[in-house]
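Heads up: the sequence shown is residues 4 to 335, going by the working numbering.
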Amino acid sequence: MKRPLRIAGGGLAGLSLGVALARRGVAVELHEALTYPRHRVCGEFISGVKRETLDRLGIRHLLDEGMPLSTASWNDGRGVVATQRVEGIGISRWRLDDTLRREFESAGGVLVTGSRLQPQPGTVWAAGRPRTPGPWIGLKAHFRSMPTTHDLEMFLSPVGYAGLARVDPETVNLCGLFRSDAVRGAKGPELLMRVLESGGLHSLVARLRDAEFVDGSFCGVAGFLPGVQAGPEFSIGDAAFMIPPFTGNGMSMAFESAECALDPCLDHARGDCDWHAAAARCAMSQLRRFRKRMRMARVLHGWITRPSALRFTLLLARRHCIPFQSLLPLVR
Numbered sequence: 004m005k006r007p008l009r010i011a012g013g014g015l016a017g018l019s020l021g022v023a024l025a026r027r028g029v030a031v032e033l034h035e036a037l038t039y040p041r042h043r044v045c046g047e048f049i050s051g052v053k054r055e056t057l058d059r060l061g062i063r064h065l066l067d068e069g070m071p072l073s074t075a076s077w078n079d080g081r082g083v084v085a086t087q088r089v090e091g092i093g094i095s096r097w098r099l100d101d102t103l104r105r106e107f108e109s110a111g112g113v114l115v116t117g118s119r120l121q122p123q124p125g126t127v128w129a130a131g132r133p134r135t136p137g138p139w140i141g142l143k144a145h146f147r148s149m150p151t152t153h154d155l156e157m158f159l160s161p162v163g164y165a166g167l168a169r170v171d172p173e174t175v176n177l178c179g180l181f182r183s184d185a186v187r188g189a190k191g192p193e194l195l196m197r198v199l200e201s202g203g204l205h206s207l208v209a210r211l212r213d214a215e216f217v218d219g220s221f222c223g224v225a226g227f228l229p230g231v232q233a234g235p236e237f238s239i240g241d242a243a244f245m246i247p248p249f250t251g252n253g254m255s256m257a258f259e260s261a262e263c264a265l266d267p268c269l270d271h272a273r274g275d276c277d278w279h280a281a282a283a284r285c286a287m288s289q290l291r292r293f294r295k296r297m298r299m300a301r302v303l304h305g306w307i308t309r310p311s312a313l314r315f316t317l318l319l320a321r322r323h324c325i326p327f328q329s330l331l332p333l334v335r
């Protein structure tokens, strides 16, 4: 290959693209601002990505140790609202990111941690969503010894929503998106408990308090808005598109985004096109792939985050008027 490439950001999109490029003989250097392993605010639920995408990236075998998840429930403070079948994998980012990091290095990629790049030609931007003032905050924590009623449990409330997913036989991940004005008066996992209680999810909080909090697993993130992101010219992952997290499709979109970037990057590395043409091809490929699901996710996100719309949604759901099973493919 004539031209080396650099990737800014070592999350799912950056690492999986790095693996695919390195396996194809591209000299690729990936810069990650922090270190591995570490916890990230993430639902840790992979659903919707095709095997062909994972095979093209050369990473399907890395998901074999994930937890198969097949049942899901939708809940509010009163209990179960609806159930459905799902097809997905639960796996912690602490584990998956570190596994991808090792795969990247074994493929010949060069990893530089504790390093930040600036956008420039030859650098794929996979450094996450740009900071944007917004009304939301994401919180996440792991718990052990916590029985679950379904493989995936979603909880809706007037202050936001949360998802509970099993990531290994002993551990569940709780990750939620909440209104920032509901987050106050505590720190660490106790902050998460208070936010859930303020949304009327008292039964969930009782279950969490009976479980064992995994030290070091609590983390939070603020300063973002779901939707199309205003990232640099050649952006992938959350730097390009951030789907509302209730869809459970964010991790899959990271892999799909990396696949969209693969051929343009290879063509640029071979000298077949300039950087601007490669970036434009990647952007158009992502737009075609994600546009429809992003539009539907935005509509559904409004239904479950506006209190008046949420009340109506829950009323319809309890009367079995909302086809949850049919809605899922619309955000895939």
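Beta carbons are placed, not taken as given, at the ideal position from N, Cα and C, and that holds for glycine.
| The beta strand (DSSP E) spanning GLN289 covers which residue range? | As a first step, residue 289 is located in the sequence shown; it is residue number 286 there, counting from the start. Unbroken run through GLN289 is the alpha helix (DSSP H), 278-308; no beta strand (DSSP E).
Q. What first and last residue would you give for the beta strand (DSSP E) that runs through PRO326?
A. Translated into the one-based positions of the sequence shown, residue 326 becomes position 323. It is not in any beta strand (DSSP E) - PRO326 carries neither H nor E in the DSSP assignment.
*TRP97 - partner residues in DSSP beta bridges*: Here residue 97 refers to the residue found at position 94 of the sequence shown. Answer is none; TRP97 lacks a bridge partner.
Determine the direct distance from the alpha carbon of GLY240 to that of LYS143, and round the result to whole angstroms.
-> As a position in the sequence shown, residue 143 is number 140, starting the count at 1. As a position in the sequence shown, residue 240 is number 237, starting the count at 1. Approximately 20 Å, taken between the alpha carbons.
Exercise for review: Assuming GLY131 contacts VAL31 (C-beta within less than 8 Å), just tell me the rounded distance between them.
Suggested key: As a first step, residue 131 must be located in the sequence shown, where it is residue number 128. As a first step, residue 31 must be located in the sequence shown, where it is residue number 28. The Cβ separation is near 19 Å, so there is no contact.
Subject >> Cα-Cα separation, THR126 to ALA283 >> reply: Reading the sequence shown from its first residue, position 123 is the one you call residue 126. Reading the sequence shown from its first residue, position 280 is the one you call residue 283. Rounded to whole angstroms, THR126 to ALA283 spans 14 Å at the Cα level.
For VAL186, tell me which candidate among LEU8, VAL170, SER206, GLY141 has the shortest Cα-Cα distance. Position 183 of the sequence shown, counted from the first residue, corresponds to residue 186. Checking every option, the nearest Cα to that of VAL186 belongs to GLY141.
Can you tell me where the alpha helix (DSSP H) holding GLY166 begins and where it ends? Residue 166 sits at position 163 when you count from the first residue of the sequence shown. Careful: GLY166 lies outside any alpha helix (DSSP H), inside the beta strand (DSSP E) at 163-171.
### Message
Rounded to the nearest angstrom, what separates ALA214 and VAL224 at their Cα positions?
### Response
Along the sequence shown, read from residue 1 onward, the residue named residue 214 stands at position 211. Along the sequence shown, read from residue 1 onward, the residue named residue 224 stands at position 221. Approximately 24 Å, taken between the alpha carbons.
| Cβ neighbours of VAL22 in the same chain (closer than 8 Å, five flanking residues each side left out) | Stepping through the sequence shown from its first residue, residue 22 is reached at position 19. Correct list, in chain order: LEU60, GLY61, ILE62, LEU103, GLU106, PHE107, ALA110, GLY112.
Worksheet item: Of all the options CYS263, PRO161, GLY91, which has the alpha carbon lying nearest to the alpha carbon of MET287?
Response: Position 284 of the sequence shown, counting from 1, holds the residue named residue 287. Answer by Cα proximity: CYS263.
Open item on the list: Spatial neighbours of PHE293 within its chain, please: C-beta separation below 6 Å, excluding the five flanking residues on both sides.
Closed with: Working through the sequence shown from its first residue, we reach residue 293 at position 290. The answer, listed in chain order, is PHE244.
Under 8 Å between the Cβ atoms of ILE92 and LEU65?
-> Numbered from its first residue, the sequence shown carries residue 92 at position 89. Numbered from its first residue, the sequence shown carries residue 65 at position 62. Cβ atoms of ILE92 and LEU65: not closer than 8 Å.
- prompt: When DSSP labels each residue in this structure, what does PHE237 get in the three-state scheme?
  reply: Your numbering for residue 237 matches position 234 in the sequence shown. In this structure, PHE237 counts as coil in the three-state DSSP scheme.
Q. So the beta strand (DSSP E) LEU177 belongs to, where does it begin and stop?
A. Sequence index remark: in the sequence shown, residue 177 carries index 174 (1-based). Taken as a continuous stretch (DSSP letters only), the beta strand (DSSP E) holding LEU177 covers 174-182.
Kindly indicate the opening and closing residues of the alpha helix (DSSP H) around MET256. Taking the sequence shown and counting its residues from 1, one reaches residue 256 at position 253. Run containing MET256: 253-273, per the alpha helix (DSSP H) assignment.
Problem set entry | Per-residue burial, GLN289 [other beta carbons within 10 Å of its own, 16 or more giving buried] | The residue you call residue 289 lines up with position 286 of the sequence shown. Buried: at least 16 other Cβ atoms inside 10 Å.
By the 10 Å Cβ neighbour count, where 16 or more other Cβ atoms means buried, how is GLY28 classified, buried or exposed? Counted from its first residue, the sequence shown places residue 28 at position 25. It counts as exposed.
Suppose contacts are defined by Cβ-Cβ distances below 8 Å. Is THR250 in contact with VAL217 by that definition? Working through the sequence shown from its first residue, we reach residue 250 at position 247. Working through the sequence shown from its first residue, we reach residue 217 at position 214. Result no, Cβ atoms of THR250 and VAL217 do not sit closer than 8 Å.
Report task. Could you round the C-beta distance between LEU34 and LEU120 to whole angstroms and report it? I think they count as a contact, below 8 Å. Result -> Your numbering for residue 34 matches position 31 in the sequence shown. Your numbering for residue 120 matches position 117 in the sequence shown. Here residue 34 is His; the residue named in the question, Leu, does not match the sequence. Between LEU120 and HIS34 the Cβ distance is about 5 Å, and since that is below 8 Å, they are a contact.
* To do: Would you grab the beta carbon distance between MET70 and VAL170 for me? Rounded to a whole angstrom, and I think it's under 8 Å.
  => One-based indexing of the sequence shown puts residue 70 at position 67. One-based indexing of the sequence shown puts residue 170 at position 167. At roughly 6 Å, the Cβ-Cβ gap stays under 8 Å, so MET70 and VAL170 are in contact.
Original post:
How far does the beta strand (DSSP E) with SER19 in it reach, from first residue to last?
Top reply: Taking the sequence shown and counting its residues from 1, one reaches residue 19 at position 16. SER19 -> not in any beta strand (DSSP E); alpha helix (DSSP H) instead, spanning 15-26.
- [ ] Rounded to whole angstroms, what's the CA-CA distance from ALA189 to LEU265? Just pull it up for me.
- [x] Here residue 189 refers to the residue found at position 186 when the sequence shown is read from its first residue. Here residue 265 refers to the residue found at position 262 when the sequence shown is read from its first residue. Approximately 44 Å between the Cα atoms of the pair.
Worksheet item: What's the C-alpha gap between PRO40 and GLY219?
Response: Looking up residue 40 in the sequence shown gives position 37. Looking up residue 219 in the sequence shown gives position 216. Rounded to the nearest angstrom, the two C-alpha atoms are 12 Å apart.
Q: Pull up the distance between the alpha-carbon of ARG296 and that of VAL302, whole angstroms please.
A: Mapped onto the sequence shown, residue 296 falls at position 293. Mapped onto the sequence shown, residue 302 falls at position 299. About 10 Å.
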